[in-house]
Every structure is written in C-alpha cells, then in structure tokens.
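Presented below is the structure to which this report refers.
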Amino acid sequence: MINEIKKSAEQKMQKSLEAFKNDLAKVRTGRAHTGILDHVMVDYYGSDVPVNQVANVTLIDARTIGVQPWEKPMLAKIEKAIRDSDLGLNPASMGEIIRVPMPMLTEERRKDLIKVVRGEAEGARVAVRNIRRDSNTEFKNLLKDKTITEDDERRGQDEIQKLTDKYTAEIDKLLAAKEADLMAV
1 MINEIKKSAE QKMQKSLEAF KNDLAKVRTG RAHTGILDHV MVDYYGSDVP VNQVANVTLI
61 DARTIGVQPW EKPMLAKIEK AIRDSDLGLN PASMGEIIRV PMPMLTEERR KDLIKVVRGE
121 AEGARVAVRN IRRDSNTEFK NLLKDKTITE DDERRGQDEI QKLTDKYTAE IDKLLAAKEA
181 DLMAV
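Numbering (full-length UniProt numbering), first residue to last: 1 to 185.
Rendered as structure tokens:
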C-alpha cells in the first residue's frame with residue numbers, strides 16, 4: 001500500500017519534471033535549435049501538423065535554422081506558419097529552403113525571459129509539492145482507517161519528502177542551467 005502511493009507520487013513528480021523541461025525548451029535563447037519549431041503547426045491538406053512532419057528541419061549554423069519542405073507547395077505555408085507563430089521569428093525562403101535566422105536578444109529581453117523561466121520553475125515546484133500533499137493525505141486516510149500503523153505513516157511521509165526534495169533540486173538545477181544559457185551572450 002505504501003509502496004503503491006510512493007510509486008504513484010514518483011511517477012507524477014517525474015511527469016511534472018518532464019513538463020517543466022518542455023516548457024524550458026519553448027523559451028528560446030540566442031542560439032538556434034530545431035526544437036524551437038516543434039510547436040509550430042502548418043495546414044497540410046486540411047489538417048494542422050507540426051512543421052517537422054512536413055519538412056526537414058536542420059541547423060545551418062549556430063544562429064540559423066533551415067527548413068526544407070518535402071513538397072514544393074508547402075514552402076509558402078510553412079513560411080507563413082513560422083512568421084505567424086508567437087516566436088518572433090522572420091523566415092526567408094531561398095529557393096527550396098526556408099532560412100530562419102535567430103534574432104539577437106537584448107539585455108532587457110533576456111531579463112524578461114528569465115522572469116518567465118522562474119515562473120515556470122515555481123509552477124513546477126508547486127506541482128511537486130501538491131503531489132506530496134496528496135500522498136500525505138492518502139497516508140493519513142489509511143492511518144484513520146487503521147490500514148497502516150503510525151510508524152508506517154511517518155515512514156511513508158519521510159520517503160515522499162525525500163522524493164519531493166529530489167525533484168525540487170532537479171527543477172532548481174534545470175532553472176540555473178537555463179538562466180546561465182539565457183545570460184550567455
């Protein structure tokens with residue numbers, strides 16, 4: 001019973017950490033990486049699909065992403081989708097490839113992005129603490145129903161606290177790395 005609660009809490013905390021990693025990937029730095037375009041959707045014969053499913057997305061250099069559509073008619077649609085996305089990118093087509101240069105980040109914009117990242121980190125920490133609270137409530141209910149002893153409840157809560165500390169530390173580590181990445185010129 002205790003192990004089931006612990007296992008469930010750990011899985012939920014891992015999912016919260018993965019969601020935080022995905023949120024961090026959306027916040028762009030001055031360097032180009034192909035993951036930036038993962039959330040850009042393109043109209044492909046009536047259905048919206050991610051850019052990477054209708055084109056080859058590669059890095060041309062450290063500050064430029066290259067998008068090469070598999071079908072010629074998709075060139076204009078992909079370019080429009082990238083331009084209309086909320087990423088602030090300005091693609092330019094050159095023959096059969098779309099070049100997406102990454103604009104330089106100003107100091108002010110970097111600080112704004114750090115605030116956003118810190119907010120995402122706090123949201124992830126809150127999610128982990130909520131999982132801890134729910135698990136501790138389950139332990140208290142089991143104790144109230146006399147399914148487990150007080151010692152078992154205390155031991156279970158201690159294990160959940162250790163998990164919480166582990167995942168909170170991991171979130172802080174990811175946050176520090178992203179802040180350093182954003183401030184790198």
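We put the beta carbon where it would ideally sit given N, CA and C, even for glycine.
Just so you know, these numbers come straight off a predicted model, no measurement behind them.
For Gly156, count neighbouring C-beta atoms within 10 Å of its own C-beta (all shown protein chains included) and say buried if the count is 16 or more, exposed if not. With 16 or more Cβ atoms within 10 Å of its Cβ, Gly156 is classed as buried.
Using the beta-carbon count (16 or more within 10 Å), is Val57 buried or exposed? Burial check for Val57: the Cβ neighbour count within 10 Å reaches 16 or more, so the residue is buried.
Identify every run of the alpha helix (DSSP H) within the region 51-102, keeping only runs that are complete inside it and at least 4 residues long; order them along the chain. Here the runs fully enclosed are 74-84.
Can you tell me which residues form a DSSP beta bridge with Val42? Partner(s): Val49.
Throw me the rounded Cβ distance for the Arg110 and Leu163 pair, which I believe falls under 8 Å. Wrong, their Cβ atoms sit about 33 Å apart, outside the cutoff.
Closest by CA to Ile97, which one among Val116, Arg118 and Glu71? If you compare the alpha carbons of Val116, Arg118 and Glu71 with that of Ile97, the shortest gap goes to Glu71.
Nearest to Arg63 by CA position, among Tyr44, Pro103 and Thr149, is which residue? It is Pro103 whose Cα lies nearest to the Cα of Arg63.
Measure how close the beta-carbons of Val49 and Val40 come, nearest whole angstrom, since I'm counting them as under 8 Å. Cβ atoms of Val49 and Val40 stay farther apart than 8 Å, at about 10 Å.
Ile131 and Lys12 closer than 7 Å at C-beta: Closer than 7 Å, so yes.
Report back the beta-carbon spacing between Ile114 and Glu18 to the nearest angstrom; my notes put them in contact at under 8 Å. With a Cβ gap of about 22 Å, Ile114 and Glu18 do not count as contacting.
Does the distance from the CB of Glu120 to the CB of Asp23 come in under 7 Å? Yes, these two residues count as a Cβ contact at 7 Å.
Please go through the same chain and pick out, in chain order, the residues whose beta-carbon is closer than 6 Å to the beta-carbon of Lys6, but skip the five residues on each side of it. So the qualifying residues of the chain are Glu159.
Let me make sure I understand the geometry here. Which of Ala124, Pro91 and Thr168 has the alpha-carbon closest to that of Ser16? Distance check between Ser16 and each of Ala124, Pro91 and Thr168 places Ala124 closest, using alpha-carbon atoms only.
Range covered by the alpha helix (DSSP H) that runs through Gly35: Run containing Gly35: none; DSSP gives neither H nor E here.
Cα-Cα separation between Gln68 and Ile78, rounded to whole angstroms: Cα-Cα distance, rounded: 9 Å.
Can you give me the C-alpha to C-alpha distance between Leu89 and Asn136, rounded to a whole angstrom? Rounded to whole angstroms, Leu89 and Asn136 show a C-alpha spacing of 46 Å.
Give the range of the alpha helix (DSSP H) segment to which Arg19 is assigned. Correcting the residue type first, residue 19 is Ala in the shown sequence and not Arg. Residue range Ile2 to Lys26 is occupied by the alpha helix (DSSP H) that includes Ala19.
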